[in-house]
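Engineer: Take a look at the following structure, please.
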Amino acid sequence: MEPSGNEFLRGTLKTIVLKLLTEQGRMYGYEITQSVKERTQGEVVLTFGALYPVLHKLQQEGLLITESVEVDGRLRKYYTLTPRGNETALQKVSDFERFVEVMKHLLQPVPALSIGQ
Numbered sequence: 736m737e738p739s740g741n742e743f744l745r746g747t748l749k750t751i752v753l754k755l756l757t758e759q760g761r762m763y764g765y766e767i768t769q770s771v772k773e774r775t776q777g778e779v780v781l782t783f784g785a786l787y788p789v790l791h792k793l794q795q796e797g798l799l800i801t802e803s804v805e806v807d808g809r810l811r812k813y814y815t816l817t818p819r820g821n822e823t824a825l826q827k828v829s830d831f832e833r834f835v836e837v838m839k840h841l842l843q844p845v846p847a848l849s850i851g852q
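See the structure below:
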């Protein structure tokens with residue numbers, strides 16, 4: 736994906752994070768970035784600079800909660816969806832799937848009209 740693909744990524748970050756958390760239950764930041772990278776075969780690389788503001792915003796909106804756990808002497812912050820976060824995730828994924836379908840139709844070639852018709 737071209738670097739310009741970042742504009743598409745920015746608009747879908749919340750949906751991506753919410754979807755991953757619905758599937759995995761609880762994840763920490765690095766785990767989220769690696770999951771995105773693996774699922775897209777490296778086509779999408781989610782940076783911490785892009786991820787953490789989204790996580791903080793989702794937390795402020797009451798869509799996820801955090802839990803700090805000590806792992807190998809370091810604190811690791813895990814993110815889990817709230818019930819409202821699960822509902823929002825389902826809606827955002829549904830909305831995005833609909834958007835993708837609409838875009839597919841929009842981007843399909845239209846048969847050329849003959850002159851004089």
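Residue numbers (this note's numbering): 736 to 852. Quick reminder that beta carbons are idealized off the backbone N, C-alpha and C, glycines included.
#1: Taking the C-alpha atoms as reference points, what is the distance between Val789 and Ala847?
#2: Among the residues of its own chain, which have a CB less than 7 Å from the CB of Gly746, if the five just before and after it don't count?
#3: Using 10 angstroms around the beta-carbon of Glu752, count the other beta-carbons present and answer buried if the total reaches 16, otherwise exposed.
#4: I'd like the list of long-range same chain contacts for Leu842, defined as Cβ closer than 6 Å, with 5 residues on each side in sequence excluded.
#5: Check for me: the beta strand (DSSP E) holding Val828 runs from which residue to which?
#6: What does Ser803 pair with, by DSSP beta-bridge criteria?
Structural biologist: Short version:
#1: Their Cα atoms are separated by approximately 43 Å.
#2: So no residue of the chain qualifies.
#3: It is Val, not Glu, that sits at residue 752 in the sequence shown. Residue burial is scored here from C-beta neighbours: Val752 has at least 16 other C-beta atoms within 10 angstroms and is therefore classed as buried.
#4: none
#5: Segment 818 to 842 is the alpha helix (DSSP H) holding Val828; no beta strand (DSSP E) there.
#6: Here Ser803 is bridged, per DSSP, to Lys812.
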